[in-house]
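Heads up: the sequence shown begins at 492 in our numbering, then just goes up one per residue. First comes the structure, then the notes that go with it.
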Amino acid sequence: MTGSDGRARGRVSRRRRSRVQETSPAAPPHRDAADSVTYGMRIAAAWSWRLLLVGGVLAVVIFLIFQLRFIIIPILVAVLLGALLVPFSLFLQRHGWPRWSAILVALVSAFAVVGGLLTLGIMQIVRGFGDLAAQSLEAWEQLKALLLASPLHVTEAQLNDLVDQVFASAQQDSSILLSGALSAGSTLGHFLAGLLLAIFATVFVLIDGRGIWNWIVGVFPRRARAAVDGAGNAGWATLQNFVKVQVLVAAIDAVGIGLGAFFLGVPLALPIGILVFLGSFIPIVGAVVTGALAVFVALVYNGWVIALIMLGIVLLVQQVEGHILQPLIMGTAVKVHPLGVVVAVATGSLLAGIPGALFAVPVAAVTNVMINYIAGGSWKLAPGPSVEEAHSPLWRTVPQRPGYQRGE
492 MTGSDGRARG RVSRRRRSRV QETSPAAPPH RDAADSVTYG MRIAAAWSWR LLLVGGVLAV
552 VIFLIFQLRF IIIPILVAVL LGALLVPFSL FLQRHGWPRW SAILVALVSA FAVVGGLLTL
612 GIMQIVRGFG DLAAQSLEAW EQLKALLLAS PLHVTEAQLN DLVDQVFASA QQDSSILLSG
672 ALSAGSTLGH FLAGLLLAIF ATVFVLIDGR GIWNWIVGVF PRRARAAVDG AGNAGWATLQ
732 NFVKVQVLVA AIDAVGIGLG AFFLGVPLAL PIGILVFLGS FIPIVGAVVT GALAVFVALV
792 YNGWVIALIM LGIVLLVQQV EGHILQPLIM GTAVKVHPLG VVVAVATGSL LAGIPGALFA
852 VPVAAVTNVM INYIAGGSWK LAPGPSVEEA HSPLWRTVPQ RPGYQRGE
């Protein structure tokens, strides 16, 4: 009896304690400091450190490129020349030419065309430089006399100050563009070394370009080779299209502006066409500078009426290029928005001067295509290049350690 009463009292006391715990307020749980951060702030922080990491990597890459500019710029020139000459060499080989002769003809033809244009243009400019300088001074004196006699009440001191400011501003702006060229070849030795390196690299791109690329792909892990190889092939096709289309667009610009200057009777029409052709390889900047030069020569020699007509021809050719040639031809080859082209050229010229403006668009186009290819995921269905494919005859001459296989 006593035992049953004790058990009954125990059950009653436990019920009372449970009712007291149910009615009493619960103690607040312990919260970590990270729990108080909102979801939006976590997203912002995640994006922030990733962007900082990407920015840091890009800064290191740009720093290394700047430090190795004497090597990087000739290599990039060789890649551009290779993108132009490899299809020509393969075309000759498909039509029965021996491989060595096709490569030799491709190289000789490229250097003959570029050297011939530069030699012809420089000779014409040197011949007419004295006359151009004299005509420029005479035109300036006429303009100054007209301004002094105008109702604008302009004094000669104000005109001289204006000329000094224009020259100072031109020197300051041109130093940004010329700094890249001077840094790439500040001495004759640097220029000659870069030229020899560009020629040497171009020869090897023509001889064994695929073998070199397979060697680069073999450096990556096996699981990444398919993505790297596919992205590289897509980027190479885009670069080839860009170079071919850029040559076509530059030729159309040169013929249009050169013929306009010839029929208007503007002197130095041939050098103007050559400069337009060479300057068109630098998007936006080259067209503006060469077009302004054509208008200036027309103004100095032929007066303001012919200069206005020349300006109209330059604008017409550039509008045809910007609204017809670029969307229909260049748009399919580069696949970069025009705003992206402007930003790329401005950034490249700011960082590396003329070389930066020259390589900005092809680098942006190739990078864009390669990133889109990898992000698309189509490389997952394509097998990567085998180790045997990566061993070209050129790389078999490189001694290896016993038992070592490249790419493992």
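Every residue gets a Cβ at the ideal spot worked out from N, C-alpha and C, and that includes glycine. All values reported here derive from a predicted model rather than from experimental measurement.
Same chain, Cβ closer than 7 angstroms to residue i, neighbours up to 5 away in sequence not counted
i           : result
residue 565 : 685, 688, 689, 692
residue 672 : The predicted position of residue 672 is uncertain, since its pLDDT is 48 and thus under 50; no value can be drawn from it.
residue 569 : 689, 692, 693, 696
residue 647 : 639
residue 676 : Residue placement at residue 676 is poorly supported in this model, since its pLDDT is 45, which falls under 50; the coordinates still yield a value, given next. Same-chain partners within the cutoff: 682, 685.
residue 615 : 759, 761, 762
residue 933 : A question about residue 933 goes unanswered here, because the residues of the chain that appear run from 492 up to 899.
residue 590 : 584
residue 515 : For residue 515, the predicted structure reports a pLDDT of 49, less than 50, and the residue's modelled location is therefore unreliable. The matter cannot be settled from this model.
C-beta atoms of residue i and residue j nearer than 8 angstroms
i           : j           : result
residue 762 : residue 792 : no
residue 764 : residue 780 : no
residue 754 : residue 849 : no
residue 730 : residue 574 : yes
residue 734 : residue 567 : no
residue 650 : residue 635 : yes
residue 911 : residue 748 : Residue 911 is absent from the model: the chain starts at 492 and stops at 899.
residue 708 : residue 716 : yes
residue 865 : residue 722 : yes
Residue i to residue j span [Cα, whole Å]
i           : j           : result
residue 835 : residue 602 : 28 angstroms
residue 640 : residue 653 : 17 angstroms
residue 777 : residue 719 : 34 angstroms
residue 681 : residue 800 : 43 angstroms
residue 553 : residue 857 : 17 angstroms
residue 706 : residue 713 : 13 angstroms
residue 584 : residue 595 : 12 angstroms
residue 607 : residue 617 : 15 angstroms
residue 870 : residue 580 : 29 angstroms
residue 542 : residue 593 : 48 angstroms
residue 547 : residue 629 : 54 angstroms
residue 537 : residue 842 : 29 angstroms
residue 674 : residue 527 : Because residue 674 sits at a pLDDT of 48, beneath the cut-off of 50, its placement in the model cannot be relied upon, and the point is left open.
residue 736 : residue 577 : 15 angstroms
residue 558 : residue 529 : 43 angstroms
residue 711 : residue 551 : 21 angstroms
residue 627 : residue 794 : 11 angstroms
residue 796 : residue 622 : 21 angstroms
residue 837 : residue 549 : 17 angstroms
residue 587 : residue 750 : 38 angstroms
residue 539 : residue 604 : 50 angstroms
residue 613 : residue 619 : 10 angstroms
residue 656 : residue 600 : 45 angstroms
residue 544 : residue 868 : 24 angstroms
residue 872 : residue 752 : 55 angstroms
residue 637 : residue 609 : 38 angstroms
residue 531 : residue 830 : 31 angstroms
residue 631 : residue 642 : 19 angstroms
Contact belief for residue i with residue j at Cβ below 8 angstroms, rounded distance in angstroms
i           : j           : result
residue 832 : residue 854 : So it is not a contact: roughly 12 angstroms between Cβ atoms.
residue 784 : residue 766 : 7 angstroms
Own chain partners of residue i with C-beta closer than 6 angstroms, once the 5 adjacent residues on each side are dropped
i           : result
residue 798 : 786, 789, 790
residue 556 : 563
residue 449 : A question about residue 449 goes unanswered here, because the residues of the chain that appear run from 492 up to 899.
Contact with chain B by residue i, beta-carbon distance below 8 angstroms
i           : result
residue 612 : Within the model displayed, chain B is absent; a lone protein chain is all it includes.
Cβ shell of residue i (< 8 angstroms), same chain only, five flanking positions each side left out
i           : result
residue 625 : none
residue 756 : 793, 797
heavy atom of the ligand ATP below 7 angstroms from residue i C-beta
i           : result
residue 650 : As for the ligand ATP, it is missing from this structure, which has no ligand bound.
Worksheet item: Is it true that the region 854 to 872 meets the region 715 to 731, where meeting means three or more beta-carbon pairs spaced less than 8 angstroms apart?
Response: yes
Fill in: Cβ contact (3+ pairs, closer than 8 angstroms) linking the region 743 to 759 and the region 804 to 811
yes
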